[in-house]
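Numbering-wise, this note's numbering puts 199 at position 198 of the sequence shown, and it's gapless, one number per residue. Every residue gets a Cβ at the ideal spot worked out from N, C-alpha and C, and that includes glycine. Note that this is a predicted model, so its numbers are computed, not measured. Step one of this worksheet: look at the structure below.
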Amino acid sequence: MSANILLQIAILFPLLASALILITGKNPGLRDKITLVSATFLFIVVIFIYRAFDASLQVEEGTAVKSIAVNWAEIVPGLHLGFKLEALGMLFALIASALWLVTSIYGIGYMRGNNEKNQTRFFMLFPIAISAALGIAFASNLLTLFIFYEVMTLSTFPLVTHKGSEHAMKSGRIYLGVLIGSSIGLFLPAIIWVWAVTGTTDFVAGGILQDKLSPLHLSILAALFVLGVGKAAVMPIHRWLPAAMVAPTPVSALLHAVAVVKAGVFSVLKIVVYVFGIDTLSDASYLHFLMYLVGFTIVMASIIALGHDNLKKRLAYSTISQLSYVVLGALILSPISVVGSALHIAAHAFGKITLFFAAGSIYTASKKTEISQLDGIGHRMPWTMAAFTIGALSMIGLPPAVGFISKWYLLMGAYDEQVYFAMGVIVVSTLLNAAYFVPIIYRAFFKTEADGSKPHGEANKAIVVALSITACMTILLFCFPNIPFALAQSIAVQ
């Protein structure tokens, strides 16, 4: 089977899985089996796509991606719905498909362990979001990316409002309003501007804007993209993310690690590399103001996280901060920092999903949601808190977790380009990361449980297995970063 066909199967198969889950909803056992089989099948398909992509690059590096492409429809001359393999998209597809499988295992354990309502709707919408994620990953142009970007927003809205409470609905309105508002008000005009000056929206190695815009206009266009891609959560386009924490923990994992925020920072990095081009964007005269905004987001979100006692809210603001590392690396405009940004997408995916899995495990087993309630919990839930510790190490940027590698490359990229502001931001925010994660670990393992706490152990096996897998992957990617590193290097070379 050709890679072109596999690429289309990867995008469309989750939609079939969604329909099968809906049909079998009255039989939870069968529904859950279909969910797991579908997620496994998709991951295998993406592995085969990667093998074809890798083999083609070994034959003729830099040109082979053109042979793995497909166009579905031409809307008007210069605008078409199409897909093409390139290194960054391949990395995102591998992450999303792998984590859908692990999140499915976790989601089954969580939804059953907490007796959540509307479980069929939950599992039905998940693969639609994954389909959108793969559509974004493989998009060959801005138009295709934008369409699947909006599909992801709309498909995840019912997941955010899953509980159906007044608070959930209010949070859902914030989620939808900020993401749709930023994409229609900023992202879409930026796409139209690119089409107007180039006659195309295709992603091309080296960019398509050479000699097309003045330095001032390049700066304005870059700002429209960075703020218009609201899923990247650069302040002040970030309110949707803390609001979405009302959703069940598997949804938080989807939002923060598997698809939604990764779609945001992936889109920004892809636009910088394949629409602007690093050399062209370096001519943008006011780009440093945008870098200051991103740096402010990193530090301020970390400070806000430090002040939250609610575990999921602290993790939410941590996500806002960590996402902007990827955007900062893109704006440093160094090949080394681009490698760091691409690696941080993977590092954050596995590290942050582990942290949210752990938060959900704690809630399922003990119903505790506040950090101040976690004294001594590491003794009752050693697997959960060991996994949390590994995820925290990755977010801080300490070995043996993969976050160390990505932060190192970001720091070296900033040093290489002598962007001392970015270096300072990375150092200060790393200290803040430690300040809001280390006390949680200390409480869990070195404090005594409060008297009268209800006895409990680990959450159910599905939850423990899932968080153990992602914690192990966080360490394995540090020890064996070959695949993500090779893909990240290919992006930087292009």
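(request) Pick helix, strand or coil for G83, following the three-state DSSP scheme. (result) Assignment of G83 by DSSP, reduced to helix, strand and coil, places it in the strand class.
(request) Provide the residue(s) that pair with N72 in DSSP beta bridges, ordered along the chain. (result) According to DSSP, which records beta bridges pairwise, N72 is partnered with G83.
(request) Could you tell me the distance, in whole angstroms, from the CA atom of F422 to the CA atom of Y293? (result) So the alpha carbons of these two residues sit roughly 8 Å apart.
(request) Measure the Cβ-Cβ separation of P216 and A285 and say whether it is below 8 Å. (result) A contact, by the Cβ cut-off of 8 Å.
(message) Could you compute how far the alpha carbon of I12 sits from the alpha carbon of A133?
(response) Whole-angstrom Cα-Cα distance: 7 Å.
(request) Over the uninterrupted alpha helix (DSSP H) stretch that includes Y176, give me the two end residues. (result) Residues 167 to 183.
(message) Let me confirm a value: E87 is counted as buried when at least 16 other C-beta atoms fall within 10 Å, else exposed. Which label applies?
(response) Only buried fits E87, as 16 or more other CB atoms lie within 10 angstroms of its CB.
(message) Taking 6 Å as the limit between beta carbons, can you name the residues of its chain near A306, skipping five residues before and five after?
(response) Hits under 6 Å: R315, Y318, S319, Y437.
(message) Quick check on the DSSP output: the alpha helix (DSSP H) that includes G108 runs from which residue to which?
(response) Annotation for G108: the continuous alpha helix (DSSP H) segment containing it runs 88 to 114.
(request) Please confirm if the region 400 to 413 is in contact with the region 356 to 364, defined as three or more CB-CB distances below 8 Å between the two stretches. (result) The region 400 to 413, when compared against the region 356 to 364, does not touch it at the 8 Å Cβ threshold.
(message) According to DSSP, simplified to helix, strand and coil, what is E117?
(response) Shown here, E117 sits in coil according to DSSP, grouped into three states, outside any helix or strand.
(request) Could you tell me the distance, in whole angstroms, from the CA atom of M91 to the CA atom of A393? (result) A direct Cα-Cα distance of roughly 26 Å separates M91 from A393.
(request) Tell me, please, whether the region 68 to 87 touches the region 110 to 118 by the rule of three or more beta-carbon pairs shorter than 8 Å. (result) As far as the Cβ criterion goes, the region 68 to 87 does not touch the region 110 to 118, which means the pair count is below three.
(request) Please say whether I378 and S386 have beta carbons closer to each other than 8 Å? (result) In the sequence as presented, Ser is not what sits at residue 386; that position holds Met. Yes, the pair counts as a contact, with Cβ atoms nearer than the cut-off.
(message) Which same chain residues end up closer than 6 Å to H239 when comparing Cβ atoms and leaving out the 5 residues on each side of it in sequence?
(response) A distance below 6 Å between beta-carbons, with the five flanking residues on each side excluded, links H239 to the following residues of its chain, in chain order: I321.
(request) With distances taken Cα to Cα, identify the nearest neighbour of L82 among T121, L160, T202. (result) Distance check between L82 and each of T121, L160, T202 places T202 closest, using alpha-carbon atoms only.
(request) Alpha carbon to alpha carbon, how far is S57 from E371? Give it in angstroms, no decimals. (result) For E371 and S57, the distance between alpha carbons rounds to 50 Å.
(request) Would you mind stating whether A18 and I45 have Cβ atoms separated by less than 8 Å? (result) Cβ atoms of A18 and I45: not closer than 8 Å.
(request) Go ahead and pull the three-state DSSP assignment for N5. (result) When secondary structure is reduced to three states using DSSP, N5 falls in the helix class.
(message) Going residue by residue through the region 217 to 250, where are the continuous alpha helix (DSSP H) segments of at least 4 residues, counting only ones entirely within it?
(response) Taken in chain order, the whole alpha helix (DSSP H) runs of length 4 or more contained in the region 217 to 250 are 241 to 244.
(request) Output yes or no for whether 8 Å exceeds the beta carbon distance between L187 and G229. (result) Yes, the pair counts as a contact, with Cβ atoms nearer than the cut-off.
(message) For V198 and A224, I'd like the C-alpha separation in whole angstroms.
(response) V198 and A224: Cα-Cα distance of roughly 17 Å.
(request) Assign K263 to one of two classes, buried (16 or more other C-beta atoms within 10 Å of its C-beta) or exposed (fewer than that). (result) Buried: at least 16 other Cβ atoms inside 10 Å.
(message) At the level of alpha carbons, what is the spacing between S373 and L143?
(response) Each residue's alpha carbon lies about 45 Å from the other.
(request) Note down, in chain order, each residue of its chain lying with its Cβ closer than 7 Å to the Cβ of V179, except the 5 sequence neighbours on either side. (result) Excluding residues within five positions, the ones whose Cβ falls inside 7 Å are G231, I238, R240, W241.
(request) Would you kindly report the start and end of the unbroken alpha helix (DSSP H) that includes N504? (result) There is no way to answer for residue 504, as the model of the chain reaches only from 2 to 495.
(request) Could you tell me if A4 is buried or exposed, where buried requires 16 or more neighbouring beta carbons within 10 angstroms of its beta carbon? (result) A buried status is given to A4, since no fewer than 16 other beta-carbon atoms sit within 10 Å of its beta-carbon.
(request) Would you identify the three-state DSSP class for E371, choosing helix, strand or coil? (result) Three-state result, E371: strand.
(message) Can you tell me whether N28 is helix, strand or coil according to DSSP?
(response) If DSSP states are grouped into helix, strand and coil, N28 belongs with coil.
(request) Taking T154 as the reference, give the member of S141, I185, F54 with the closest Cα. (result) For T154, the closest of S141, I185, F54 by C-alpha to C-alpha distance is I185.
(request) Compute the beta-carbon to beta-carbon distance between G110 and N461, rounded to the nearest angstrom, for a pair I have assumed lies under 8 Å. (result) About 5 Å separates the beta carbon of G110 from that of N461, a gap short enough to meet the 8 Å contact definition.
(request) With DSSP as the reference, please indicate the residues paired to N311 in a beta bridge. (result) DSSP, once it has assigned bridges, lists E371 as partnering N311.
(request) List the endpoints of the continuous alpha helix (DSSP H) containing P190. (result) Its alpha helix (DSSP H) spans residues 189 to 199.
(request) Below 8 Å on the Cβ atoms is my guess for M112 versus F123; work out the distance and round it to an integer in Å. (result) The C-beta distance from M112 to F123 rounds to 6 Å, short enough to fall under 8 Å.
(request) Starting from the C-beta of R444, find all residues in its chain whose C-beta is less than 6 Å away, skip the five residues before and the five after it, and write them out in chain order. (result) L375, D376.
(request) State the Cα-Cα distance for the pair I333 and L478, rounded to the nearest angstrom. (result) About 24 Å.
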